[in-house]
Every structure is written in structure tokens, then in C-alpha cells.
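Numbering (my numbering), first residue to last: 198 to 631. Everything below concerns the one structure shown next.
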């Protein structure tokens, strides 16, 4: 009996020893990961910047959805269009991301770890990003959970909704404190090698914070004024201090690695169906306005009409170079027997929303879409035209340029705020006498 017990013990030892060793190695690896990632706020800072910028930066992809239809239209087949511009989905989203389960958790981790490290400057940067996202949320939804949100085990499963006024006031205070911390040369943190936004340049973070506060004050000025609070003095303090975004170098934006779909420019065509690139179209109204003023942005953002209906008597092709990219333009004679009369006009809308027939401009170099319905077939477009590549592609009208199709370029960025916006905000405040 004793021999049997000994044999069983030996067998168990042999069987369990490797398992224990594996478990120990897993524990060691997990501990090493925790030490090298979760116990250093600098790694969390990189994550916070990238997740915030890339989520908000999807404006080129998602804003055409109902929000700026005077300038862009997302083009779908007729059976989808009736509800596409009228049904709104509100699910605590910030550009396809839920901050309460994503970015806010990272900010909380930064606070916890950086406080132990004494890296208050890192906390200040995280607070600026937090104010940025929270400002977006309250301007989209109004009252939101904020003061009691993201407190973990110390908080509530059902945090209260703060009023929009309370949220704004909290953000003003949060940004002021961040500026104060970053202005203190003795504050630690914000390492350049992990600050992928400003490379540890505190002056740029301060400019970002001041510009963001100015943005929020411009957006909320009238509401505060009606409630008895005049923000003019705070706005004047920022404007007169000149410590705000005033050059391209101050822009809060990051570039894309472009190594795979997940880290590439949003509208790239290297991976995927190409729908994100061809589906949004500039409207006729937008292109007409840009043509009238010879807006230089048109030549950067958009491509010319590549297969225009033409008054020429023969089909001809010419090459044009715009913004460093070469385009082949093929002119299709309208006198060709294959051209159908229905290709010369389509049903669109006027600025009052009334139905209106929109005629095609022969030999048009720039021509925006008047309708989102069956866009690939409008004005005789479609796969029969040489060079058509993606769904919703229509070479009879203006589309995005070749630049916008790239996976990466220094001009293609995930943008949170730019100096140009600050210039418009300053102009608006001055024009309104604030």
C-alpha cells in the first residue's frame, strides 16, 4: 500500500511540475508586462494621445453623415436614402468610440500611476485630452455623466448627470489647472519620447489648453450670458496673452504610420472596399463656391472630373497635373449615339430643399453632385467608363484627390484642433463684440 502511495505521489509530481513551471512563467510574464506598461504613465500617455486623436480625427469619414450635407453627401442607393439623413443614433459615441469605456479609463490610469511617480505634467496633459473629449460629448448630448463618472470601485454604478453648465465650468477649471502645472518648471513628467503629439513641448500643450478653452467659451458664451455669467474677461485674457495656437507648428494633430489598415489614413484605398473613399462626394453647392473664389483647397482635396461629357466631336484624352498628382481626363462627345438624353440632367435639390432639375455642364473640370441617390449612375456614370474602380465611383463628377487615397502623408492627419480654427474663433469673438 505504501508503495502505491509513493508511486502516485511520484506520478503527480512528474505531471504537475511542468504545469506549475508554465504557470510560474505566465505569472512572470504578466508581472513583467504590468511593471513595464501599467506602472509607467509614459506608456499610457502615448495610448491616450493616439486613441483620442484617431477617434476624433475620423471627421473626414463620419461628418458627411447628415451633419454637413450642404457640402458633402454620403451616397447610397435609393432604398437607403430616405432614412439615412433623418435617423440619428446617440450611443455615447465620439467618432465610433465610447470614451467611457475607452479613453476615460486610460486617463484614470494615468492619474493613478503618475501621481505615484510624481509626474504632474503628465497628468496635466491627460487632463487637457480629457477636457477635449468631454467638451465634444457635452456639446453633442448636453447633460452627461462627468463628476461621478470613471471613479471605479470608489464611484457609483449610476453616476449622476451633470448639467451642461456644470460640465463647462469643470472643464474651464481643469484646463486652467493644467496650464498652471505645465507653466511650473519644477513639475515633472511629459517625456518627449512618449509624447507623440508635441514631443514634450510644454508651451504647445499650454497653447492647446488655452485654445481649447477659448473654443469652449465661444461655443457657450451666449448660454452663460443668459444665465448671468459674462466670459468676456476670460476670453480677453487668452486673446491678449497671445499664448494660443497661432501657427501650423502648434496644431494638435498626429500622422499615420500607414503599415496596415488599422493605423492608416481613414479614407485610404490600399485595404478594404474603397467605399470610404468614393462614397462621400462634394456637393454641387460646395464646388460652385470653391470655383467662384478659386479656393486653393479645391486642388488639394478634390480631383477633377475624369470622364466629362463634352462638346468635342471626338473622344480625346489629356493629362493634367494638379498638386503633384497626374490625372488622365477623357472627354466623351455628347454627340455620340451612345449618349442617352437622360444623362444630361438629374433631379436634385435647391437651397430651399425643393426638387430641381440640375443640368450637366459640358467639358466641366469641376462638378459636384446634386444628389446622393444612385450616385454611380448619375449623368451616365458607371462601370462602363474606363478607369472606374470602386463602388460609388463616378468619373462624371468631382471626387476626392489621389492624395486622399494614400495610406499616409504628412498632410493627412488625425486632427484635434488647428491654429486656423483658433483664428476663426478670435475673429468671431471680435465680430460679436465679446
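All C-beta atoms in this analysis are idealised placements derived from N, C-alpha and C, irrespective of residue type, glycine included. Since the structure is predicted, the reported quantities are computational estimates derived from the model, not experimental observations.
Please list, in chain order, all residues of the same chain as residue 483 whose beta carbon is under 6 Å from its beta carbon, the five residues on each side excluded.
-> What you label residue 483 is simply residue 286 of the chain shown in a count that begins at 1. For residue 483, where only same-chain residues beyond five positions count, the Cβ hits under 6 Å are 268, 565.
Whole-angstrom distance between residue 322 and residue 315, CA atom to CA atom | Stepping through the chain shown from its first residue, residue 315 is reached at position 118. Stepping through the chain shown from its first residue, residue 322 is reached at position 125. Looking at the two C-alpha atoms, the distance is approximately 14 Å.
Please name the residue in 454, 456, 476 whose C-alpha comes closest to that of residue 464.
-> The sequence position of residue 464 within the chain shown is 267, counting from 1. Closest option to residue 464, Cα to Cα, is 476.
Nearest-angstrom Cα separation, counted from residue 447 out to residue 608 = Within the chain shown, numbered from 1, the residue matching residue 608 stands at position 411. Within the chain shown, numbered from 1, the residue matching residue 447 stands at position 250. Roughly 15 Å separates the two Cα atoms.
Among 399, 466, 481, nearest to residue 547 - alpha-carbon criterion = What you label residue 547 is simply residue 350 of the chain shown in a count that begins at 1. When only C-alpha atoms are compared, the closest one is 481.
Compare the beta carbon distance of residue 611 and residue 245 with 8 Å and say whether it is the shorter of the two.
-> The count along the chain shown starts at 1 and reaches residue 611 at position 414. The count along the chain shown starts at 1 and reaches residue 245 at position 48. Cβ distance not < 8 Å, so residue 611 and residue 245 don't count as in contact.
Is there a Cβ from chain D that is less than 8 Å from the Cβ of residue 550?
-> Given the protein chain composition of this structure (a single chain), no chain D is represented.
C-alpha distance - residue 214 paired with residue 456, whole-angstrom precision | Within the chain shown, residue 214 is the residue found at index 17, counting from 1. Within the chain shown, residue 456 is the residue found at index 259, counting from 1. Residue placement at residue 214 is flagged as unreliable, the pLDDT there being 47, under the threshold of 50; the coordinate-derived value follows with that caveat. Their Cα atoms are separated by approximately 43 Å.
Got a sec, what are the start and stop residues for the alpha helix (DSSP H) residue 328 sits in?
-> For the purposes of this step, residue 328 is taken as the residue at position 131 of the chain shown. Residue 328 -> alpha helix (DSSP H) spans 317-338.
Considering only C-alpha positions, which residue in the set 596, 584, 238, 438 is nearest to residue 389?
-> As a working mapping, residue 389 is identified with position 192 in the chain shown. When only C-alpha atoms are compared, the closest one is 238.
Kindly indicate which three-state DSSP category residue 536 falls into: helix, strand or coil?
-> Looking up residue 536 in the chain shown gives position 339. Residue 536: coil per DSSP, three-state reduction.
Exposed or buried, which one is residue 310 when buried takes at least 16 other CB atoms within 10 Å?
-> Reading the chain shown from its first residue, position 113 is the one you call residue 310. By the 10 Å Cβ count, residue 310 comes out buried.
Looking at C-alpha atoms only, which residue of 400, 317, 502 is the closest neighbour of residue 593?
-> Taking the first residue of the chain shown as position 1, residue 593 is located at position 396. Comparing Cα positions, the closest option is 502.
Since residue 612 sits in a beta bridge, which residues does DSSP pair it with?
-> The residue labelled residue 612 in the question sits at position 415 within the chain shown. In DSSP, residue 612 forms a bridge with 450.
Check whether the Cβ of residue 447 sits closer than 7 Å to any heavy atom of the ligand FAD, and report yes or no.
-> Ligands displayed in this structure: none; no statement on the ligand FAD is therefore possible.
Does the Cβ-Cβ distance between residue 439 and residue 616 come in under 8 Å?
-> On the chain shown, residue 439 is found 242 positions in, with the first residue counted as 1. On the chain shown, residue 616 is found 419 positions in, with the first residue counted as 1. Not in contact: residue 439 and residue 616 (Cβ atoms no closer than 8 Å).
Quick one: residues in its chain with C-beta nearer than 7 Å to the C-beta of residue 197, no 5 flanking neighbours on either side, listed in chain order?
-> Residue 197 lies beyond the residue range present for the chain, which begins at 198 and ends at 631; the question has no answer from this structure.
Where does residue 549 land, buried or exposed, given buried means 16+ other C-beta within 10 angstroms?
-> Counting from 1 along the chain shown, the entry for residue 549 is found at position 352. Exposed: under 16 other Cβ atoms inside 10 Å.
Candidates 400, 543, 485: which alpha carbon is nearest residue 552's?
-> Position 355 of the chain shown holds residue 552. Residue 552 has its Cα closest to that of 543, out of 400, 543, 485.
In the DSSP assignment, find the beta strand (DSSP E) that holds residue 600 and state where it starts and stops.
-> On the chain shown, residue 600 is found 403 positions in, with the first residue counted as 1. Neither: residue 600 is in no beta strand (DSSP E) and is coded neither H nor E.
In DSSP terms, what residue 516 is bridged to = Stepping through the chain shown from its first residue, residue 516 is reached at position 319. Note: residue 516 sits in a beta bridge opposite 525.
4 or more residues per run - each alpha helix (DSSP H) lying fully within the region 353-404 = 361-380
Per-residue DSSP class, three states only, for residue 473 | Numbered from its first residue, the chain shown carries residue 473 at position 276. Note: residue 473 maps to helix in three-state DSSP.
Look at the alpha carbon of residue 519 and the alpha carbon of residue 421, and state the distance between them as a whole number of angstroms.
-> Against the chain shown, residue 519 aligns to sequence position 322. Against the chain shown, residue 421 aligns to sequence position 224. Cα-Cα distance, rounded: 47 Å.
What distance in whole Å lies between the Cβ atoms of residue 599 and residue 522, which are believed to be in contact at a cut-off of 8 Å?
-> Residue mapping note: residue 522 aligns to position 325 of the chain shown, counting from 1. Residue mapping note: residue 599 aligns to position 402 of the chain shown, counting from 1. Sure, about 4 Å apart at Cβ, within 8 Å.
Those runs of the alpha helix (DSSP H) which lie wholly inside the region 411-450 and span at least 4 residues = 429-438
In chain order, what residues of the same chain have a beta carbon less than 6 Å from the beta carbon of residue 414, not counting five sequence neighbours either side?
-> Within the chain shown, the letter at position 217 stands for residue 414. Counting only Cβ-Cβ distances below 6 Å, and skipping sequence neighbours, we find 428, 432.
Can you give the beta carbon distance from residue 425 to residue 318, rounded, assuming they're within the 8 Å contact cut?
-> Position 228 of the chain shown holds residue 425. Position 121 of the chain shown holds residue 318. The pair is not a contact, with the Cβ atoms about 36 Å apart (cut-off 8 Å).
Answer yes or no: do residue 307 and residue 394 have a C-beta to C-beta separation smaller than 8 Å?
-> Position 110 of the chain shown, counting from 1, holds the residue named residue 307. Position 197 of the chain shown, counting from 1, holds the residue named residue 394. No, the Cβ-Cβ distance between residue 307 and residue 394 is not below 8 Å.
How about the region 613-630 and the region 491-502: do they share at least three Cβ pairs that are nearer than 8 Å?
-> no
Straight-line gap, residue 631 to residue 478 (C-alpha atoms, nearest Å) | Counted from its first residue, the chain shown places residue 631 at position 434. Counted from its first residue, the chain shown places residue 478 at position 281. Roughly 37 Å between the two C-alpha positions.
Got a sec, what are the start and stop residues for the alpha helix (DSSP H) residue 310 sits in?
-> Residue mapping note: residue 310 aligns to position 113 of the chain shown, counting from 1. 300-314 is the extent of the alpha helix (DSSP H) around residue 310.
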